[in-house]
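Q:
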Ligand SMILES: *Cc1c(COP(=O)(O)O)cnc(C)c1O
């Protein structure tokens with residue numbers, strides 16, 4: 001490691017955060033695909049199969065590699081990327097990026113592998129887990145009933161808004177055609193309202209970054225179906241006037257929707273139901289430690305107050321009247337009276353729900369309360385250590401700094417050179433060149449200091465350096481549009497173009 005502070009070498013002491021493997025991989029060494037490494041092909045002996053000829057194939061050219069070659073291939077690939085197991089991952093608004101290994105173990109238990117078409121009597125344990133998870137989430141959110149079906153937070157929003165619409169319709173209030181959303185809200189809120197058939201009324205923030213009550217008053221009317229709020233909001237600020245906001249919305253007959261993406265700031269301390277919210281989603285991959293992103297299966301359960309329960313998706317799980325011979329409770333599926341229907345196969349993404357259940361059960365009340373304390377402490381500590389301007393505060397679990405004259409996207413690229421993952425950038429738009437940062441409850445003070453060192457080193461750098469970053473990653477400035485529209489599926493093509 002060099003001590004030469006005069007260069008732009010990120011391996012200087014300003015930040016001792018690089019991982020040297022990245023440099024090794026980057027030195028023009030693209031990792032070939034397994035089929036490209038292969039010298040020969042294995043004859044898998046399809047001709048010897050006892051299966052009928054028309055069910056077998058002999059054109060399957062599998063690569064032939066020794067075990068170490070195979071292990072090295074995957075090890076190298078793992079070194080070319082940055083993952084949650086490589087270092088801190090302070091993306092704001094996505095809250096927890098913690099995927100404990102024990103929840104994976106629980107989901108991998110043979111007893112977790114149940115066929116969804118089995119009879120209710122034969123899956124009593126499965127139903128009990130789902131029932132208890134509904135109950136946990138209801139108690140955590142202060143909600144009377146919960147559906148586990150929606151497969152993501154955004155899907156949960158859609159379900160919540162459809163449930164609200166069904167409720168209004170049922171009460172002869174189908175004319176309500178507006179959903180009010182603060183301008184600092186996540187894009188999925190606007191998309192949800194529009195997809196749900198509503199007109200979106202966008203609400204400006206006040207100068208503190210919170211809901212502007214005068215603007216809200218002006219936006220509310222007998223056409224208001226719902227107000228969607230994230231609390232703490234996407235700036236990490238708690239809406240202090242939430243009770244007054246709830247009264248204002250309820251006074252015109254509207255419903256209050258809670259976007260649960262930031263729930264881990266409040267866990268064990270405050271409940272949306274007690275603040276006056278009528279319907280909410282939980283992002284289990286943000287708050288309850290299930291794997292996030294990559295397009296994989298997720299879960300976005302929705303909780304509602306009693307008045308909305310009859311409209312929830314079908315089926316849900318409840319305790320049956322009957323008991324087993326040994327006096328144990330039994331569980332059954334049922335369709336709520338005015339259900340909006342089925343929004344996902346069976347009960348949703350079962351194994352994701354198993355992980356959320358395992359996490360909540362393991363932490364318990366005390367652990368959940370401790371998690372929210374550390375999330376908030378870590379965000380405020382990191383905010384106090386970085387040299388970028390942090391216009392609002394004090395914060396809950398995340399803060400939004402401004403990159404000022406620097407381009408936030410360039411800042412993010414450059415942070416990669418310091419061996420840390422950058423924060424979310426350019427959003428929310430009410431902070432210019434936003435760096436939306438959420439360290440999460442899992443990082444140590446040492447890691448937070450390394451993150452701060454990376455921020456502060458980048459803050460000193462020239463536009464020239466920033467525009468050229470990252471220098472040290474396997475891939476540099478990726479053309480994301482072309483990558484999505486015409487993906488190159490072989491490293492050969494990439495390597496050839498590069499030379
Ligand atoms: C992540 C997020 C969502 C969407 O949730 P997904 O589970 O990613 O679909 C909605 N609102 C906010 C504030 C978020 O951060």
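Residue numbers (the working numbering): 1 to 499. Glycine included, every Cβ here is placed at the ideal spot set by N, Cα and C.
1) Please classify residue 484: is it buried, with 16 or more other beta-carbons within 10 angstroms of its beta-carbon, or exposed?
2) Is the closest heavy atom of ligand 1 to the C-beta of residue 434 under 7 angstroms?
3) Just mark residue 126 as buried or exposed, buried being the case when its beta carbon has 16 or more other beta carbons within 10 Å.
4) What does the alpha-carbon distance come out to for the pair residue 374 and residue 268?
5) Relative to the C-alpha of residue 453, which candidate in 415, 283 and 112 has its C-alpha closest?
6) Of all the options 290, 253, 291 and 243, which has the alpha carbon lying nearest to the alpha carbon of residue 276?
7) On the DSSP bridge list, what partners appear for residue 402?
8) Tell me residue 257's beta-bridge partners as DSSP assigns them.
9) How would you label residue 480, buried or exposed, when you count the other beta carbons within 10 angstroms and need 16 or more for buried?
10) Taking 7 angstroms as the cut-off, does the CB of residue 510 come closer than this to any heavy atom belonging to ligand 1?
11) Heavy atom of ligand 1 less than 7 angstroms from the Cβ of residue 202, yes or no?
12) At what residue ranges does the region 128-205 contain a whole run of the alpha helix (DSSP H), taking only runs of 4 or more?
13) According to DSSP, residue 91 sits in a beta bridge with which residue or residues?
14) At what residues does the alpha helix (DSSP H) containing residue 485 begin and finish?
15) Taking the beta carbon of residue 444 as the centre, do at least 16 other beta carbons fall within 10 Å, making it buried, or is it exposed?
16) Compute the minimum distance between the beta carbon of residue 344 and the heavy atoms of ligand 3, and state whether it is under 7 angstroms.
17) Just to confirm, is the Cβ distance from residue 260 to residue 280 under 8 angstroms?
18) Say yes only if the C-beta of residue 338 is nearer than 7 angstroms to one or more non-hydrogen atoms of ligand 1, and no if none qualify.
19) Does residue 304 come out as helix, strand or coil in the three-state DSSP assignment?
20) Does the Cβ of residue 110 have 16 or more other Cβ atoms within 10 Å, making it buried, or fewer, making it exposed?
21) Should residue 160 be labelled buried (16 or more other beta-carbon atoms within 10 Å of its own) or exposed?
22) Determine the DSSP secondary structure at residue 69, reduced to helix, strand or coil.
A: So, to answer that:
1) Residue mapping note: residue 484 aligns to position 484 of the chain shown, counting from 1. By the 10 Å Cβ count, residue 484 comes out exposed.
2) Stepping through the chain shown from its first residue, residue 434 is reached at position 434. No, ligand 1 has no heavy atom inside 7 angstroms of this Cβ.
3) Counting from one through the chain shown, the residue named residue 126 turns up at place 126. Under this definition residue 126 is a buried residue.
4) Here residue 374 refers to the residue found at position 374 of the chain shown. Here residue 268 refers to the residue found at position 268 of the chain shown. Each residue's Cα considered, the two are about 12 angstroms apart.
5) Position 453 of the chain shown holds residue 453. Ranking 415, 283 and 112 by Cα distance to residue 453 puts 415 first.
6) Sequence index remark: in the chain shown, residue 276 carries index 276 (1-based). Residue 243 is the option with its Cα nearest to residue 276.
7) Reading the chain shown from its first residue, position 402 is the one you call residue 402. In DSSP, residue 402 forms a bridge with 389 and 434.
8) Here residue 257 corresponds to residue number 257 of the chain shown, with the count starting at 1. Looking at the DSSP assignment, residue 257 forms a beta bridge with 228 and 279.
9) What you label residue 480 is simply residue 480 of the chain shown in a count that begins at 1. When all chains shown are included, residue 480 counts as exposed.
10) The structure shown does not extend to residue 510, since the chain spans only 1 to 499, so no value can be given for it.
11) Counting from 1 along the chain shown, the entry for residue 202 is found at position 202. The answer is no for residue 202.
12) 153-170 and 187-195
13) The residue given as residue 91 occupies position 91 in the chain shown. 437, per the DSSP bridge assignment.
14) Taking the first residue of the chain shown as position 1, residue 485 is located at position 485. It spans 480-485 - the alpha helix (DSSP H) in which residue 485 sits, taken as one unbroken run.
15) Locating residue 444 in the chain shown gives position 444, where the first residue counts as 1. So residue 444 ends up on the exposed side.
16) Because ligand 3 does not appear in the structure shown, any question about it cannot be addressed here, the ligands present being ligand 1.
17) What you label residue 260 is simply residue 260 of the chain shown in a count that begins at 1. What you label residue 280 is simply residue 280 of the chain shown in a count that begins at 1. Closer than 8 angstroms, so yes.
18) The residue you call residue 338 lines up with position 338 of the chain shown. No.
19) In the chain shown, the residue the question calls residue 304 occupies position 304. Of the three classes helix, strand and coil, the one that applies to residue 304 here is strand, per DSSP.
20) Your numbering for residue 110 matches position 110 in the chain shown. Under this definition residue 110 is an exposed residue.
21) Indexing the chain shown from 1 puts residue 160 at position 160. Answer is buried; the Cβ neighbour count reaches 16.
22) Numbered from 1 along the chain shown, position 69 holds the residue referred to as residue 69. Of the three classes helix, strand and coil, the one that applies to residue 69 here is helix, per DSSP.
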